[in-house]
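Under the working numbering, think of the first position of the sequence shown as -15, with each following residue one higher.
So the structure is just underneath, and the comments pick up after that.
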Amino acid sequence: MPEFHPVRDDMDTFYIELPKGAPTPLLLRTHTSPMQIRTMQKQKPPVRVIVPGKVYRRDNPDATHSFMFHQVEGLAVDTDISFCDFTGTIEYFVKQFFGASVKTRFRPSYFPFTEPSVEFDVSCIFCGGSGTAAGGGVCSKCKGAGWIELFGAGMVDPAVYGFVNYDAKKVSGFAFGMGIDRLAMLRYGIDDIQIFFQNDVRFLKQFP
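What follows is the structure in structure tokens.
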């Protein structure tokens, strides 16, 4: 595992100290990406996979962040998959999920397993994209930006294919990862993601 990989970043990862004599060290996973590699190791292209799971990160809890959340990652690998296929797939999903009127944008970013990499934002549903709260002041959900980050994504770095015996000259693909809890928060207009984790049955039973 390279030193720059995010799972080795002590700003994102929880390291747990086990009792003396414990058989193996324990690490709470920061993402579900290993399943993508396992799938490609076992399956030749084309590949289409969705990977849900619970993940843990050293995020400071606020209206849109939690140190534990549910993530869904997706991977598509085939011949002739282009960046346009990637952006079109993402845009289609978001418009179907939030409605055709939602505004979206891609921002250049960096992830060690995709190239190019982007972060995908949607307009803040709580302030209408203005960055200003209803009663005045800065919107606490988008922190005044008018946008809320939905997920990170990008085209699979060709170097990844070398680890799974794929021919990088013949295949291409894209990958993405998103938090289910934040999706639900935005879809249903819930103003604080922490509510999902407070075990309030009156709230939770609204989502069978």
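Glycine included, each C-beta is placed from N, C-alpha and C at the ideal position.
By alpha-carbon distance to lysine 28, the top candidate from Arg166, Gly173 and Ala152 is Ala152.
Cβ-Cβ distances below 7 angstroms link phenylalanine 67 to Met139 in the same chain, with the five nearest sequence neighbours on each side left out; the list follows chain order. With a cutoff of 8 angstroms on beta-carbon distance, glutamate 103 and arginine 91 are scored as near each other.
Alanine 6 sits away from aspartate 176, with the two beta carbons spaced by 8 angstroms or more. Annotation for leucine 170: the continuous alpha helix (DSSP H) segment containing it runs 164 to 172. Annotation: the segment 55 to 100 contains the following complete segments of the beta strand (DSSP E) (minimum length 3 residues), in chain order: 88 to 95. With fewer than 16 other Cβ atoms from the protein chains shown falling within 10 Å of its own Cβ, alanine 143 counts as exposed. Bounds of the beta strand (DSSP E) holding lysine 38 are 31 to 40. Minimum Cα-Cα distance from isoleucine 34 among the listed residues Arg166, Met162, Gly121 and Phe181 corresponds to Met162.
Between aspartate 165 and leucine 134, the C-beta gap is not smaller than 8 angstroms, which leaves the two residues out of contact. Look at threonine 116 here: in three-state DSSP terms it is strand.
Our two residues, valine 86 and phenylalanine 77, have alpha carbons roughly 12 angstroms apart in a direct line. Residue nearest to serine 17 within the set Asp184, Phe97, Gly72 and Leu170 is Phe97 (criterion: CA-CA distance). Here glycine 146 is not near glycine 130, since their CB atoms are 8 angstroms or more apart.
Remark: C-beta atoms of glutamine 55 and valine 31 do not approach each other more closely than 8 angstroms. Residue range 131 to 140 is occupied by the beta strand (DSSP E) that includes valine 140. In the DSSP assignment, threonine 23 falls within the unbroken alpha helix (DSSP H) covering 18 to 26.
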